[in-house]
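Engineer:
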Amino acid sequence: MRTEIEHMREALASYIEATYHPSNPKVVNLRRQILMSGGIAQTPYIENTPAYAALGCLLSP
Numbered sequence: 383m384r385t386e387i388e389h390m391r392e393a394l395a396s397y398i399e400a401t402y403h404p405s406n407p408k409v410v411n412l413r414r415q416i417l418m419s420g421g422i423a424q425t426p427y428i429e430n431t432p433a434y435a436a437l438g439c440l441l442s443p
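Each residue of the sequence shown is one higher than the one before, starting from 383 at the first, in my numbering.
#1: Find the nearest neighbour of E399 within the set L441, L437, R414 and Q424, judged by alpha-carbon distance.
#2: Using the Cα positions of A423 and H403, report the straight-line distance between them to the nearest angstrom.
#3: Is the Cβ-Cβ distance between L417 and A433 less than 7 Å?
#4: Between M383 and the rest of its own chain, which residues show a CB-CB distance below 6 Å, the 5 nearest in sequence each way excluded?
#5: Using the Cα positions of N411 and A436, report the straight-line distance between them to the nearest angstrom.
Shown next as structure tokens:
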């Protein structure tokens with residue numbers, strides 16, 4: 383089963399390949415290698431931030 387990250391990477395690679403048409407086959411192959419090597423997408427890094435201490439209601443007089 384493909385993950386969403388893989389799907390988005392493949393969609394971006396397809397867009398880049400469909401938009402730009404180099405005439406040199408070596409350039410086409412090199413571009414394909416770069417696109418598939420993780421140069422345009424990587425696994426996201428999610429950082430957890432600590433919760434702040436509650437001070438109470440700030441709208442009270």
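From the three backbone atoms N, C-alpha and C, an ideal C-beta is built for every residue, glycine too.
Structural biologist: Let's see:
#1: R414
#2: 21 Å
#3: no
#4: Note that M383 has pLDDT 49, beneath the 50 cutoff, so the model's placement of it is unreliable and the number below is only indicative. Excluding positions up to five away in sequence, the list is empty.
#5: 56 Å
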